[in-house]
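So the sequence shown is numbered by my numbering: it starts at 35 and just counts up by one. We put the beta carbon where it would ideally sit given N, CA and C, even for glycine. To start, the structure under review is shown below, and the notes come after it.
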Amino acid sequence: MNLSLQDPFAVAKEFPETLVQTLHHGHAVVIQFNVKGDYLAAGMSDGRVIIYDMVSYTIAAVLRKDGHVRQITSLNWSSCGRYLLSSSQDWCCIIWDLKYANKLGVDKNPAVLRKIRFDSPVWSSSLHPKNHYQFTASLFEDEPVHVDLRDEPVVTKLKTEPLEQQELDDDEPKKKETKHMTLVTRFSPQGDFIFTGTSKGWLNIMNAEDLQTVHSTKVTNSNIKTLEISRNGRKLAVNSSDRVIRQFTLPDMINNRDASTWEFEIEHKYQDVVNRLQWNTVAFNHNSEFLVASTFGQSSQDLYLWETQMGSLVKILEGSHEELIDVKWNYNKCMIGSTGLDSGAIYLWSVQFPSKWSALAPDFVEIEENDEYEEKEDEFDIIDETEVIKKRLEEEDTEVDIITRESTDARGFDTEIESFVIPINYEKPVI
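This is the structure we're talking about:
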């Protein structure tokens, strides 16, 4: 049923509460929703990338030929929804063109738009939000890289050392005590800056144009596992191996280019004080008012959901029977997806809407049991035909606009966003 006809209190919910669907085709390791939320890309342990249609929950495409041969480590959609970046433990990153995802009769897979191989496995990658030919990647026991694949591949190594250490090394080089590695990279929502997290707890921020470090801050003494920047660019969540998720309010980095004045103060710390759980992955909702995290360990099989203004725990999403790894938020459909460690299934939590048939017929009333109908005294009286015609003419004068599309849906999301639709080959099964 159309959302505008549903219960407005149910439609306006900010987070899902019920496990509604489980997708199981292969062993999924990582997932990512596209910008509009109508497709879900799932990276498999055998190197395949499966794309699900979120309307029918069926497989729309399988990216396999000339692709990866080992486990997928990260997935990134372009803003237009046509291109997909995947990284893998086979040392490669691939930019896929989904226009040719189901194309047949060719020796070389036309869906592989660009492919590059590094010197070590890829931890994760991050696609530039405005240029699908540029991305960053963090490599296993190697320096992170910035890659430009518009023409000939241009690979630029990014610095791992914090800004203060870089200045010290320039003046007086010295022997490094322990190896310092970058574990995760992330573009800002506008693509102006690159955030990197290191094995020593440093958060480095680089200018995306000249790839120079402009700001560094120490956020923890342990490994930074994941970085999550909210869609509006206002909040940053740092997930580290010390069992604490730190939430920061980001400064106005677009209007204030003086990096020396930037301040990163911890707004909230999220942790399970009783069970001392570690966290696998974190994700914000569309307006960064809620934060969800998956827990590490076989004893915990739930997702924790916090409210980011006060930092309070508001919900624990249950329903899975295994440890959950990757977790992502589908903004437009108010849905949370997560992958299971043992089975590789994809669990989807969403909002369940009670049927409201009175929206279609105002005089319709739901009853729990049959009622005997009592005829009204004037129900079948003969009505003057002239009055009926007059009333009908008055109703015909009312103009009903069936052409103009609404600019926003019932939840307030922009419906005019152009999103790519994957062509379907009806002559060949997807699998």
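query                                                                                                            : result
Reduced DSSP secondary structure (H/G/I, E/B, other) of L427                                                     : helix
contact_flag[the region 92 to 100, the region 414 to 432] where n(CB pairs < 8 Å) is 3 or more                   : no
Stretch pair the region 140 to 151 + the region 111 to 126: three plus CB contacts closer than 8 Å               : yes
For Y304, the first and last residue of its enclosing beta strand (DSSP E)                                       : 300 to 304
7 Å Cβ cutoff met for Q281 and H302                                                                              : yes
Complete runs of the beta strand (DSSP E) confined to the region 136 to 185 [at least 3 residues]                : 146 to 151, 156 to 161, 168 to 173, 179 to 182
Range covered by the beta strand (DSSP E) that runs through F398                                                 : Where F398 is concerned, there is no enclosing beta strand (DSSP E), given that its DSSP letter is neither H nor E.
Other residues of its chain near I350: CB distance less than 8 Å, five sequence neighbours each side excluded    : D336, L337, Y338, L339
Beta-carbon proximity of H166 to S120, cut-off 7 Å                                                               : no
Start-end ranges of the beta strand (DSSP E) lying completely within the region 64 to 149, minimum 3 residues    : 73 to 78, 83 to 87, 92 to 97, 106 to 111, 117 to 122, 126 to 131
Euclidean distance between Cα positions of S3 and N143                                                           : There is no way to answer for residue 3, as the model of the chain reaches only from 35 to 465.
Status (buried if at least 16 other CB within 10 Å, exposed otherwise) for E352                                  : exposed
Any non-hydrogen atom of the ligand COA within 6 Å of E419 CB                                                    : This structure simply doesn't include the ligand COA, nor any ligand for that matter.
Those residues which DSSP pairs with Y381 across a bridge                                                        : T56, S372
Sequence-distant residues of the same chain with beta carbon closer than 8 Å to I279, five excluded per side     : A271, V272, N273, K303, Y304, Q305, W313, V316, L325, A327
Close-in-space but distant-in-sequence residues of the same chain around T260 (CB under 7 Å, 5 per side omitted) : V218, N273, T315, V316
Residues near D376 in its chain [Cβ-Cβ closer than 6 Å; skip 5 each side]                                        : E356
Secondary structure of L245, DSSP reduced to three states                                                        : coil
Whole-number beta carbon distance between P50 and S384, since they are thought to touch under 8 Å                : 5 Å
Alpha-carbon spacing of E429 relative to E408, whole angstroms                                                   : 30 Å
R82 classed as buried or exposed, judged by whether at least 16 other C-beta atoms fall within 10 angstroms      : buried
Integer Cβ distance of L382 from Q55, believed to fall under 8 Å                                                 : 4 Å
Proximal residues to I85 (C-beta, below 6 Å), its chain only, five neighbours per side dropped                   : Y73, A75, A94, A95
Beta-carbon gap between K367 and G71 smaller than 7 Å                                                            : yes
G5 burial status per 10 Å Cβ neighbour count (16 or more: buried)                                                : A query on residue 5 cannot be resolved here, the shown segment of the chain reaching from 35 to 465 and no further.
Cβ distance (whole Å) where I177 is taken to contact L192 below 8 Å                                              : One point to set straight first is that residue 177 is Glu, not Ile, in the sequence displayed. Correct: roughly 7 Å between the Cβ atoms.
Opposing strand residues paired with I279 [DSSP bridges]                                                         : N273, Y304
Bridge-paired residues (DSSP) for D448                                                                           : T442
Where the beta strand (DSSP E) containing V361 begins and where it ends                                          : 358 to 364
Element boundaries [beta strand (DSSP E), containing K191]                                                       : 188 to 191
Status (buried if at least 16 other CB within 10 Å, exposed otherwise) for P187                                  : exposed
For T295, the three-state DSSP class (helix, strand or coil)                                                     : helix
Straight-line Cα distance separating G231 from W130                                                              : 27 Å
Residue from D405, A242, R426, F330 whose Cα sits closest to the Cα of R310                                      : F330
Of the listed residues T254, G235, G101, R268, nearest to E323 (C-alpha basis)                                   : R268
Of the residues I128, P457, F454, the one placed nearest G101, counting alpha carbons only                       : I128
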